[in-house]
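Structure record follows, encoded as structure tokens.
There are 2 protein chains.
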Amino acid sequence: MRILLTSLGAMPANDVEALLTSHAIAVEHIPSAEHAQLYARTYSFDIIVLHLASASTAAIDLIGRLRAIEGRSTPVMVVARQMAASDQALLLDAGADDVVMLPSDGKILCARLRAAVRRTVGFTRSVLQVGPVELDMAGRSVTVAGQPVHMSATEFRLLELLLLRKNSVVRKETMLHALYDNDEPEIKSVDVMIHRLRKRLAGAGLDSFIATVWAAGYIVRQADEPAVTPTAALPPHPRGATPAPRRIAGAVTQ
Amino acid sequence: MRILLTSLGAMPANDVEALLTSHAIAVEHIPSAEHAQLYARTYSFDIIVLHLASASTAAIDLIGRLRAIEGRSTPVMVVARQMAASDQALLLDAGADDVVMLPSDGKILCARLRAAVRRTVGFTRSVLQVGPVELDMAGRSVTVAGQPVHMSATEFRLLELLLLRKNSVVRKETMLHALYDNDEPEIKSVDVMIHRLRKRLAGAGLDSFIATVWAAGYIVRQADEPAVTPTAALPPHPRGATPAPRRIAGAVTQ
DNA sequence: CCAACCGATGCGCATTTTGCTGACCAGCCT
DNA sequence: AGGCTGGTCAGCAAAATGCGCATCGGTTGG
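Just so you know, the protein sequences line up as chains B and W, in that order.
Under this note's numbering, the first residue of the first sequence is numbered 80, with each subsequent residue one higher.
Under this note's numbering, the first residue of the second sequence is numbered 80, with each subsequent residue one higher.
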């Protein structure tokens, strides 16, 4: 964990440094806030600890500037000796991730440092991607090669289903069951929805993204790791490849 | 801001509830931790406040389970009356986002709540900013392009909800639950509220800030940051499918 | 090798679902 | 009393959906 420790004004942060180092946490102590900004801009830290005397406007500005550094994700923790409650609230609202009053227990300070660092990592947006198609589950949006593509609700859910089950055949009955809670329409509607979905994708310049598996369903194949070119590698039809004449066995998802 | 308040064991959290409500923060108080888990699984909250007596293993388990609910990492704040430093550190390392000792100043508690919530959704200050819109969670004020815009209480909470959930679709049912503690009105009221909120923003010269996602809800999208997308450039494809509608409808980005 | 068959595809229309907007009325707080 | 707020309703507009029908294409059996 890389920690940048600095202070504003004439605050000696030596005691804080001693407290942290005594808990086996290495800090980089830059006494001048100006230098600290340069430092944080050049190198990357997990957290910035700011030793303050009061909640001055200069301090609030500094918090804002430190947070804005490096893709605005570095957490800032403020330590101070004495501070009014309203000032603490002010600093928190201004962007400080935590405010700790000194003297503080070393264990707590370290745990708070870890907590602040842990929080800022891990922004995962649920995006399914297969080839040029990206589907944002949270934002309910689809892009093909970066271009946004409009989808109706059912089309979206259908594409979501196919992407979740990529590389395996999805049967029409499965789609019907997944798309409708109850009151399922005729199975033919699935064909129509597939057709409409294909038309949407074709409108974005993407053809044959959803493949038809005859008498089984549909499939979206992941094309990454292109050791073999799937377009050319599709044999017309291996005549004797299917020993079972009527039932097609294979990777069929329920 | 949607807050779930619960406690472990026989801890009455009524004083915490009173403290928060006295600061105009609405909480949902579920006395039983078991029920609270079910509740958090069903609805989505911005933060879970957990009233503890001590750092028991049950408490640590509960924190882990609450955090893991529904994929979305809901922040958990622990409030307690007295606790050893090592126990506080334990809870923080177990996944708690903040630990506050009671009695605490209401201002600080609220500011810490705001800080914990905004961190987990990607904001850096308690002033939520998306495009020209700035919403001050602490000051309960809204500005559009620097100009203050008056909002009613419901409109403010609705906008706050949309901003906290930026880039993800908010369903109408979620809004209904977030806007009303009990006695929910009909779902159609959400349409009207959105309409009124849009009219406020339009009065400040801002159009199509809140986009409709058909059959799903509403969304506020943040224009993507200057991060360039070096996607393989596809030749411009002929498209006549999207004739640029007057009103943004459906799952279309931007 | 050919033809019949059956599933897949394409298209258009009528219907249903969903969203938008203005209006009305009932509380509530000045 | 009067304005602000908030819930409900009705009418309208738009999007989405289901289905019928025609056609295409592969599979299969002779």
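Virtual Cβ for every residue (Gly too), placed ideally from N, Cα, C.
Along chain W, which residues have their Cβ under 7 Å away from the Cβ of residue 176 of chain B? 194, 198
Which bits of chain B does residue 292 of chain W rub up against, with CB to CB less than 8 Å? 219
Taking CB distances under 9 Å as the criterion, tell me whether residue 116 of chain B reaches chain W. no
Out of W/242, W/276, W/167, which has the shortest C-alpha to C-alpha gap to residue 197 of chain W? W/242
For residue 108 of chain W, the nearest candidate out of W/203, W/81, W/132 (CA to CA): W/81
Hey, does residue 88 of chain B have any beta-carbon neighbour from chain W nearer than 9 Å? no
Burial state of residue 245 of chain W (16 or more Cβ within 10 Å): buried
Short Cβ contact (9 Å threshold) for residue 230 of chain B with residue 240 of chain B: no
State the Cα-Cα distance for the pair residue 159 of chain B and residue 179 of chain B, rounded to the nearest angstrom. 7 Å
What's the call for residue 86 of chain W, buried or exposed, on a 16-neighbour Cβ count within 10 Å? buried
What separation, rounded to the nearest whole angstrom, lies between the Cα atoms of residue 249 of chain B and residue 298 of chain B? 6 Å
State yes or no: is the beta carbon of residue 129 of chain W nearer than 9 Å to at least one beta carbon in chain B? no
I need the DSSP call for residue 165 of chain W, collapsed to helix, strand or coil. helix
Reference residue 142 of chain W, options W/167, W/223, W/274, W/234, closest by Cα: W/167
Would you mind giving the Cβ-Cβ distance between residue 129 of chain W and residue 157 of chain W, rounded to the nearest angstrom? I have them listed as a contact below 8 Å. 5 Å
Whole beta strand (DSSP E) elements within the stretch 203 to 242 of chain W, 3-residue minimum: 206 to 209, 212 to 215, 220 to 223, 226 to 228
Tell whether a beta-carbon distance below 9 Å holds between residue 285 of chain W and residue 211 of chain W. yes
Just to confirm, is the Cβ distance from residue 290 of chain B to residue 300 of chain B under 9 Å? yes
Do residue 223 of chain W and residue 302 of chain W have their C-beta atoms within less than 9 Å of each other? no
If we cut at 9 Å on Cβ distances, does residue 182 of chain W have a partner in chain B? no
Proximal residues of chain B, C-beta to C-beta of residue 133 of chain W below 9 Å: What residue 133 of chain W touches in chain B: nothing, since even the nearest Cβ is about 16 Å away.
Listed in chain order, which residues of the stretch 228 to 258 of chain W have Cβ atoms closer than 9 Å to some Cβ of chain B? 244, 246, 247, 248
Reducing DSSP to helix, strand and coil, say where residue 108 of chain W ends up. strand
Give the residues of chain B in contact with residue 298 of chain W, contact being defined as C-beta atoms less than 8 Å apart. 218, 219
Does the Cβ of residue 96 of chain W have 16 or more other Cβ atoms within 10 Å, making it buried, or fewer, making it exposed? buried
What residue range is occupied by the uninterrupted alpha helix (DSSP H) comprising residue 268 of chain B? 267 to 282
Is residue 145 of chain W closer than 9 Å to residue 164 of chain W when the C-beta atoms are compared? no
I want to verify the contact list: residues of chain W whose CB lies under 8 Å from the CB of residue 171 of chain B, in sequence order. 187, 190, 191, 193, 194, 205
Helix, strand or coil: which one does DSSP assign to residue 148 of chain W? coil
According to DSSP, which residues form a beta bridge with residue 200 of chain W? None, per the DSSP bridge assignment.
Taking DSSP as the reference, what is the three-state secondary structure of residue 114 of chain B? helix
Listed from N- to C-terminal order along the chain, which residues in the stretch 135 to 167 of chain B have their beta-carbon within a distance smaller than 7 Å of any beta-carbon of chain W? 146, 151, 164, 165, 167
Residue 262 of chain W (DSSP reduced to helix, strand or coil): coil
Sequence-distant residues of the same chain with beta carbon closer than 6 Å to residue 207 of chain W, five excluded per side: 214, 242
If I measure Cβ to Cβ from residue 118 of chain B and keep anything under 7 Å in the same chain, skipping five residues before and after, which residues do I get? 83, 109
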